[in-house]
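Remarks on the structure that follows.
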Amino acid sequence: MSEGLFRILDEDGLIGFANMNGKVIVSQRFTQVNSFRDGRAIFCQGCKVGSYLKFHDENARGELLQIIGRLQDTVIIQRKVRYGMINTKGDTVLQPIYDRIDDFKDSIALVYKDGRAFYIDRQGNEVAYDPKKHPNQKPLDPHISKRIKYIDSWESLLKD
């Protein structure tokens, strides 16, 4: 449960959210969506239904974690999926145009789009990192774009 809402699944595996009284607040329409943080949740457009369950097999999960551990300085981004954000009413507050989105800290979020990494504000405008305004964020690594690896699927890492 997060911010008074808990996940609910429909018979097709789509995810939504209900309040503690069981009232559906966000309809089940997402194949993948994170828990809410500071009134927003990251969702995936293009992710397969149930993809979050795929690596519940102990062996596959362990193997994948080992591979990711070896790629720890690499930013892994899945092709053909995009990320956006919703609010606790289910309204889209950031359109799914990003290759990846991190949670907001100090009113900015790190995003990846088209091989670039940059910060955005809550409206989706690109903003400059300021250590005085954003003490909980890190300055962008000037070489981060060289460390981005696009993959077709998480399973493709197991085949490499």
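Here the working numbering is used: the sequence shown runs in plain steps of one and ends on residue 637.
Where a beta carbon is used, it is the ideal one built from N, C-alpha and C, also for glycine.
Closest residue to residue i among the options (Cα-Cα distance)
i	options	result
Asn564	Lys582, Glu632, Val503 and Met497	Val503
Ile628	Asp515, His611, Gln505 and Gln555	Gln555
Asp576	Arg559, Ser633, Ile492 and Asp515	Arg559
Leu587	Lys626, Gly523, Ile519 and Asp568	Ile519
Cys521	Pro619, Lys609, Thr569 and Ser633	Thr569
Cβ neighbours of residue i in the same chain (closer than 8 Å, five flanking residues each side left out)
i	result
Gln572	Gly561 and Gly601
Lys566	Ile502 and Val503
Glu540	Leu635
Leu617	Leu587, Ala594, Phe595, Tyr596 and Tyr606
C-beta atoms of residue i and residue j nearer than 7 Å
i	j	result
Lys590	Gln614	no
Asn496	Gly481	yes
Gly490	Val526	yes
Asp550	Arg484	no
Cys524	Gln509	yes
Alpha-carbon spacing of residue i relative to residue j, whole angstroms
i	j	result
Leu635	Ile544	8 Å
Asp607	Asn511	27 Å
Ile597	Glu603	4 Å
Ile578	Arg599	12 Å
Val552	Trp631	13 Å
His611	Leu486	36 Å
Gly493	Asp580	19 Å
Met478	Arg514	11 Å
Ile574	Phe507	16 Å
Glu488	Lys626	34 Å
Gly546	Pro619	22 Å
Residues near residue i by beta carbon distance below 6 Å, same chain, minus five either side
i	result
Ile621	Ala594
Contacting residues, own chain, Cβ-Cβ under 7 Å from residue i (five flanking each side not counted)
i	result
Gln584	According to the sequence shown, residue 584 is Ser rather than Gln. Around Ser584: Asp598 and Arg599.
In chain order, which continuous runs of the alpha helix (DSSP H) of length 4 or greater are located wholly inside the region 482-556? 535-547
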